[in-house]
Amino acid sequence: MDELRNVIVFVLGTTRYALELRWVREVVSLGFVTGVPTAPAALGGVCNLHGTILPVLDVAALLDQPPGPPVRQGDGALVIELDGVVCALRVDQVENVGSLPEHEGAIVDAGGRELTLLDPTALVRRAQEVLTAATAEQP
Amino acid sequence: MSDELDFDADELVMLRQLFRTEAQDALEQVTARVLAGGTAKPTPDALTEMMRVTHTLKGAAGTVGLAGMVDLAHRLESALAAIGREPSPWTEATADLLVEVADGMRAYLDVATEPAGEAAAEKLRDQIDLIVRPDRRRESVPPAEVEPPPEPVLEQVPDHVPAPEPKAFLRVEPERIDELMSSAGELLFDRTRIERRVQLLRTLARDLARTRQSLRDTLDAEGPPNRGMLGETESELAGQAALLSQTTAALLDEIEALRRTIGELQQGLTRIRMGPARDLMMHAARTLRALRRATGVHVDLRTIGEDTEFDKAVAEQLADPITQLLRNAIAHGVEPPGERIARGKPAAATITLRARQDGNLLVLDVSDDGRGIDTVALRERLVATGQWSATRAQHANDAEVLDALLGTGVSVRGDADELAGRGIGIGLVRQTVAKLGGEVQISSIPQRGTTFSLRLPLSTALAQAMLFKVGGQVYAVPNVHVVDTMLVEPTETTVTFRHEVVPVLRLEKLLGHTSATDRRPGIVVSFAGQTLVCTVDKIIGPREIIIKPLGPLLASLTLYAGATISGSGKVQLILDPAQLVHRAHPDAPAHAITDAASAPLVLAGRALVVDDSRAIREAMTSMLGREGWIVDVAEDGARALQMTKQLRYDLVVTDLEMPQVDGFDLIARLRKDDRFRTTPIVIITSRANPEHRRRAKELGVRALVAKPITRRKLLEALAAR
């Protein structure tokens, strides 16, 4: 029996992903992006979100795929929040929001195509690992 | 009564209070300058300065309608002018007289609006005359060269304005508070550094647990024959990992407590700088009056929340944005009376200024009841000026369109007029508010009006930082660690700074840009006794910044101590001076970098202190800690046994009399455990009899120390063999 999930479907590069809505705090158009030298490619930069520092992550790089283009002002992003960590995932386009069935870890869209259901906890943990590793490598 | 001075009663009380403070300062300056000269005639410079403050005083007195004070200040100014001329009426007695007059005028300030005031003024007038004409003892004829005083601008003060209750204030120079604020800001940096290291520890603890788990899995797969010793090591490792993760969790809690305390400290300091929003509202009232006269637009001001407390420095900075928003409301928001009446609104518009606290924010709303912002027209203008594409304008919702107004260069009205500038004004409002760490929100309802909300943080963690540019981005470094700036040649790897050879750190290289080939500015940074020069593209200069934490995700990026947000809303990274020093002096021992003040710590090992008195446990922890021991404590023998099952200790210090498992009991059981067969054990007790000593010897106890414990006794016991 497939379970229905409230998800936001977005496109990144040539891939479509789904993320459960409950993790998404807002969908924003990024302000000025400050690059963070010495940080790994998974960290696209930091932005000012309502006066706090918002790290912008590259989902592709976190999934060990080639990183996307540099994050720029005006790019779309999903602000997610879990375990006290607030960060943004850069997206190329938000496709739609809706209730879609989950089938064996993947979301099946209206056209019957399967898309990856992102696990934000794993993403954030991966980001933490990548950032820590990058720091440890430095002299 | 002049139109310019239609203060209401409350306003007048308020203004006069401000005036009193100002006047006290001015007159004190006069006194100080006279006293500085002894009985000699003040220098021309000193006289000029005294005349200047007296003149300012006269103007201010006029503004608040204190005619008597205007007259006195005017006379004093003329007298000072006379002293400066030749022949000067200066005699040895003049200095005393001047001081008397200045003091007398200060006293007069308190009674100026009371019946007693006139007599005091009369006496002061006589004294001032005496300065100008020392020969005319006690004759109260106004000096001829004094022009008639300006006409009093306010009539006699209305009776219903109560004289403000004199209140005792502690007057502190703002710089002193700023220094404290800056130290508190530094604490935040320190805390961030500690937190980051603990976060790393936590990661380490997790790794350790993971390694232990894989060891466990391997052992389970191997089966019982190989389990023996390794199994024991594995369970020990489990205990250590658990303790490490517990300790780091506790540390994080303590850091959180530290954060709270620093927050309280900052709040306390901020409160010293707080004042009611009333001053700001007064400013708005005056501005609006001027605007009303200039434009003829009839608009009333309503104020709500005058008692809301604001940082005085913040309030000062908000004066211009408020002025801008008022101008904006009059230029763009308020319709002509005819149109208002046609729409069923009162002919006179109302602007409401409302101050309130919303959680951790101070909110200042400026609302008008005008036509609202025409978002359709604004969309058109955004497209017409090329700032937005037609598609974007079409898809954006109203809130986004209004937000665009906060950028620069868009005006709602087609024609830019003098009053509200070219819409740049609102951009400046946003910039000023952003500099203060806040944001601006706009809401507008067609035909009902527009509200600008300035949302500002209640407490600001301000710190001084040196700002500079590298690779097109602005960075900051805490100013307390900046010693100087200098020019560095492209080939130099070290420079001589104050007779010391210090390394050059090429920041452009560290921050991932191509190495520069020209002579460039360098910032001399000193941290924990180590100095270096960082080359940068351009030095911007010292600025007051608000420190923002990078958050848990970025905590491991050790190069950065935090970030700040610029006036235009951009994030600027703050470099950690400790890291810069570390990178320039990679050979320096780590402890010298982390803490130059404390001596290098030799880790002696892990000790367990068992005692039912908390005071003793704390004392022992501190004493042993100073000797380099990591100390765990247990409140009785039973707990100690539990702990020794998880961890091996290099030293056990125990009391004898304890509930449940007593000291000897504990030692006997430990000695049966292979891991503790030879571990040094020290007994601390208040009752040491020969029987105790005999048993202790039997159990291989290293020493028996009588309470009270001193450091010397403890060291002797540890050294005993």
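Chains L and C are the protein sequences, given in the same order. Letter by letter, the first sequence follows residues 1 to 139 of our numbering. Letter by letter, the second sequence follows residues 1 to 721 of our numbering. Where a beta carbon is used, it is the ideal one built from N, C-alpha and C, also for glycine.
Same chain, Cβ closer than 6 Å to residue i, five either side skipped, listed in chain order
{"i": "G84 of chain C", "result": "L47"}
{"i": "T493 of chain C", "result": "V504"}
{"i": "L123 of chain L", "result": "L62"}
{"i": "T451 of chain C", "result": "D365, S367, S443"}
{"i": "K312 of chain C", "result": "R273, G275"}
{"i": "V483 of chain C", "result": "V524, S526"}
{"i": "L251 of chain C", "result": "V198"}
CB of residue i within 8 Å of CB of residue j, strictly
{"i": "R371 of chain C", "j": "Q447 of chain C", "result": "yes"}
{"i": "I442 of chain C", "j": "L487 of chain C", "result": "no"}
{"i": "A121 of chain C", "j": "L57 of chain C", "result": "no"}
{"i": "L557 of chain C", "j": "L131 of chain L", "result": "yes"}
{"i": "A640 of chain C", "j": "L666 of chain C", "result": "yes"}
{"i": "L436 of chain C", "j": "L353 of chain C", "result": "no"}
{"i": "G239 of chain C", "j": "L559 of chain C", "result": "no"}
{"i": "P37 of chain L", "j": "L554 of chain C", "result": "no"}
{"i": "L188 of chain C", "j": "I255 of chain C", "result": "no"}
{"i": "R778 of chain C", "j": "G438 of chain C", "result": "An answer regarding residue 778 of chain C cannot be provided, because it is not within the stretch 1 to 721 covered by chain C."}
{"i": "E195 of chain C", "j": "P478 of chain C", "result": "no"}
Interface flag, residue i vs chain L, CB-CB below 8 Å
{"i": "I574 of chain C", "result": "no"}
{"i": "V609 of chain C", "result": "no"}
{"i": "V383 of chain C", "result": "no"}
{"i": "T192 of chain C", "result": "no"}
{"i": "K548 of chain C", "result": "yes"}
{"i": "A40 of chain C", "result": "no"}
{"i": "A390 of chain C", "result": "no"}
{"i": "S443 of chain C", "result": "no"}
{"i": "I565 of chain C", "result": "yes"}
{"i": "V571 of chain C", "result": "yes"}
{"i": "Q660 of chain C", "result": "no"}
{"i": "L553 of chain C", "result": "yes"}
{"i": "S556 of chain C", "result": "yes"}
{"i": "Q473 of chain C", "result": "yes"}
{"i": "E439 of chain C", "result": "yes"}
{"i": "L559 of chain C", "result": "yes"}
Proximity test, Cβ basis, 8 Å: residue i and chain C
{"i": "T52 of chain L", "result": "yes"}
{"i": "F10 of chain L", "result": "no"}
{"i": "A127 of chain L", "result": "yes"}
{"i": "A122 of chain L", "result": "no"}
{"i": "T132 of chain L", "result": "yes"}
{"i": "G31 of chain L", "result": "yes"}
{"i": "G44 of chain L", "result": "no"}
{"i": "V36 of chain L", "result": "yes"}
{"i": "A41 of chain L", "result": "no"}
{"i": "N48 of chain L", "result": "yes"}
{"i": "D119 of chain L", "result": "no"}
Neighbourhood of residue i by C-beta, 8 Å cutoff - its chain only, sequence neighbours within 5 removed
{"i": "Q24 of chain C", "result": "R106, L109"}
{"i": "Q93 of chain L", "result": "F10, V11, G76"}
{"i": "G512 of chain C", "result": "G471"}
{"i": "H585 of chain C", "result": "P503, Q530, L532, I593"}
{"i": "V410 of chain C", "result": "For V410 of chain C, the pLDDT reaches just 48, beneath the cut-off of 50, and the residue's location in the model is therefore unreliable, although a value from the coordinates is still provided. Here the set comprises L378, R381, L382, T385, Q387, A404, G423."}
Contact set for residue i: own chain, Cβ-Cβ below 7 Å, skip 5 residues either direction
{"i": "A205 of chain C", "result": "A241, L244, S245, T248"}
{"i": "L97 of chain C", "result": "Q127, L130, I131"}
{"i": "R506 of chain C", "result": "S515, T535"}
Closer than 7 Å between beta carbons: that is the criterion. Which residues of the stretch 88 to 113 of chain L meet it against chain C?
none
Taking any Cβ of chain L, which residues in the stretch 510 to 527 of chain C have a Cβ under 7 Å from it, in chain order?
-> L511, G512
Item to complete: Check distances from the C-beta atoms of the stretch 66 to 87 of chain L to those of chain C and list, in chain order, the residues that come in under 9 Å.
Response: D83, G84, V85, V86, C87
Taking contact to mean at least 3 C-beta pairs separated by less than 8 Å, is the stretch 11 to 25 of chain L in contact with the stretch 530 to 546 of chain C? no
TODO: Using a Cβ-Cβ cut-off of less than 9 Å, list which residues of the stretch 109 to 125 of chain C approach chain L; keep chain order.
DONE: none
Selection of the stretch 195 to 212 of chain C by Cβ proximity to chain L, strictly under 8 Å = L200, T203
- Can you list, in chain order, the residues of the stretch 342 to 375 of chain C whose Cβ is nearer than 7 Å to any Cβ on chain L? none
Q.
Does the structure place the stretch 280 to 292 of chain C close enough to the stretch 262 to 272 of chain C that three or more beta carbon pairs sit under 8 Å?
A. no
### Query
Three or more C-beta pairs closer than 8 Å, one from the stretch 62 to 71 of chain L and one from the stretch 98 to 110 of chain L: is that the case here?
no
With three or more C-beta pairs closer than 8 Å as the rule, is the stretch 177 to 187 of chain C touching the stretch 206 to 215 of chain C? no
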